[in-house]
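Residue numbers (our numbering): 52 to 206. A quick write-up on the structure given underneath.
Structure representation (structure tokens):
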């Protein structure tokens with residue numbers, strides 16, 4: 052089982068990011084992915100945008116889980132950002148999004164991709180977890196919450 056601590060590097064996090072829409076959000080997420088994991092930022096932004104065209108990954112409550120499969124990626128990677136202010140995202144409940152957990156997976160990660168996506172979704176449906184994430188004022192605090200919150204969930 053993949054743990055958030057294993058897929059989200061400390062430098063793949065952002066807090067208080069300001070963006071003017073999905074395009075700029077995906078560019079910032081891609082830049083963090085490039086820095087943290089050595090990925091091609093343009094390729095990541097394009098993959099996230101292409102997936103989003105299939106339907107919004109905003110699942111309600113101010114949370115979105117954009118995801119994409121990336122060619123030549125060897126293992127699952129995550130990028131987590133907190134937006135300020137929240138941005139319109141075409142979410143199912145029409146609530147603007149302020150928490151984004153982007154999941155990047157290898158092309159051939161079928162079942163693992165779906166299982167990890169489901170775990171991220173369960174984690175972000177917990178109102179207490181979401182409230183704690185929203186309270187994170189630094190990337191270090193955000194990383195500690197992601198690593199520690201999952202351990203508490205497993206107990």
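Don't be surprised by glycine CBs; every beta carbon is placed ideally from N, CA and C.
Under 9 Å between C-beta atoms of residue i and residue j
{"i": "residue 93", "j": "residue 190", "result": "no"}
{"i": "residue 129", "j": "residue 155", "result": "yes"}
{"i": "residue 185", "j": "residue 150", "result": "yes"}
{"i": "residue 138", "j": "residue 148", "result": "yes"}
{"i": "residue 172", "j": "residue 127", "result": "no"}
When the options are compared against residue i, the one with the closest alpha-carbon
{"i": "residue 115", "options": "83, 182, 133 and 84", "result": "133"}
{"i": "residue 168", "options": "83, 137, 59 and 118", "result": "118"}
{"i": "residue 144", "options": "107, 193 and 58", "result": "107"}
{"i": "residue 175", "options": "152, 195, 188 and 104", "result": "152"}
Contact with chain C by residue i, beta-carbon distance below 9 Å
{"i": "residue 99", "result": "Protein chains in the displayed structure number just one, and chain C is not present."}
Contact belief for residue i with residue j at Cβ below 8 Å, rounded distance in angstroms
{"i": "residue 90", "j": "residue 79", "result": "Contact doesn't hold; Cβ gap of about 14 Å is too wide."}
{"i": "residue 193", "j": "residue 55", "result": "Their Cβ separation, rounded to whole angstroms, is 11 Å, which puts residue 193 and residue 55 out of contact at 8 Å."}
Buried/exposed call for residue i, threshold 16 Cβ in 10 Å
{"i": "residue 96", "result": "buried"}
{"i": "residue 166", "result": "exposed"}
{"i": "residue 58", "result": "buried"}
{"i": "residue 125", "result": "exposed"}
{"i": "residue 121", "result": "buried"}
{"i": "residue 105", "result": "exposed"}
{"i": "residue 188", "result": "exposed"}
{"i": "residue 73", "result": "buried"}
{"i": "residue 84", "result": "buried"}
{"i": "residue 202", "result": "At residue 202 the pLDDT is 43, less than 50, meaning the model places this residue with poor confidence; the figure from the coordinates comes in the next sentence. So residue 202 ends up on the exposed side."}
{"i": "residue 182", "result": "exposed"}
{"i": "residue 81", "result": "buried"}
Do the segment 93-111 and the segment 63-72 meet, that is, are 3 or more Cβ pairs less than 8 Å apart? No: fewer than three Cβ pairs fall under 8 Å.
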